[in-house]
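K.L.:
Residue numbers (my numbering): -15 to 142. Note that CB positions come from ideal geometry on N, CA and C, so glycine has one too. Keep in mind that this is a model prediction, so the values were computed, not measured. For reference, the structure I am asking about is given below.
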């Protein structure tokens, strides 16, 4: 198996050993994870990761780190300390409300600085007129919902 990030973090590989060009996409390079260590959170907390990020920032326009979700392990919280932005991918009509509440809590407490939400698997329909309804949504760090006090657009109900 080719060396990956875990090999680099334990000083068993260099930057050039682990950065692999993508087989079919020009100008895309990938760093495989390498063997799964018994202590991943401890490993990514090492100064070697900062050294690697400095190297990558000097040699590449963008660096994207894919990690497990915040709810699963502490990796995302550790990696957020070195990331410029954090993207949380939410699948429409799949992600449960408990996880949405966790994401909202993470955003409110600023646990992940510059947290952004990406919705995927959304289908769009042409909507004419105005609609009111009850539900829950989340975008750009803000919640929204239904209010009993609203009537037609621009007027207050009595």
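Give me the Cα-Cα distance between residue 90 and residue 105, rounded to the nearest whole angstrom.
P.N.:
For the purposes of this step, residue 90 is identified with residue 106 of the chain shown, where counting begins at 1. For the purposes of this step, residue 105 is identified with residue 121 of the chain shown, where counting begins at 1. Taking the straight line joining both Cα atoms gives about 23 Å.
K.L.:
Could you confirm whether any beta carbon from chain D is found closer than 7 Å to the beta carbon of residue 58?
P.N.:
Although the question refers to chain D, the structure presented lacks it and comprises just one protein chain.
K.L.:
Am I right that residue 21 and residue -10 are in contact with their C-beta atoms under 8 Å? What's the rounded C-beta distance?
P.N.:
What you label residue 21 is simply residue 37 of the chain shown in a count that begins at 1. What you label residue -10 is simply residue 6 of the chain shown in a count that begins at 1. Contact flag correct, Cβ pair sits at about 5 Å.
K.L.:
Tell me which same chain residues have a C-beta within less than 7 Å of the C-beta of residue 48, skipping the five on either side of it?
P.N.:
As a working mapping, residue 48 is identified with position 64 in the chain shown. Taken in chain order, the list of residues that qualify is empty.
K.L.:
Measure the C-alpha to C-alpha separation of residue 97 and residue 1 and round it to an integer number of angstroms.
P.N.:
What you label residue 97 is simply residue 113 of the chain shown in a count that begins at 1. What you label residue 1 is simply residue 17 of the chain shown in a count that begins at 1. Each residue's Cα considered, the two are about 31 Å apart.
K.L.:
Where does residue 47 fall in DSSP's three states?
P.N.:
Residue mapping note: residue 47 aligns to position 63 of the chain shown, counting from 1. Residue state, collapsed to three classes: coil.
K.L.:
Let me know the secondary structure DSSP gives residue -15 once reduced to three states.
P.N.:
In the chain shown, counting from the first residue as 1, residue -15 sits at position 1. Correct three-state label for residue -15: coil.
K.L.:
Got a sec, what are the start and stop residues for the beta strand (DSSP E) residue 3 sits in?
P.N.:
The residue given as residue 3 occupies position 19 in the chain shown. For residue 3, there is no enclosing beta strand (DSSP E), as DSSP marks it with neither H nor E.
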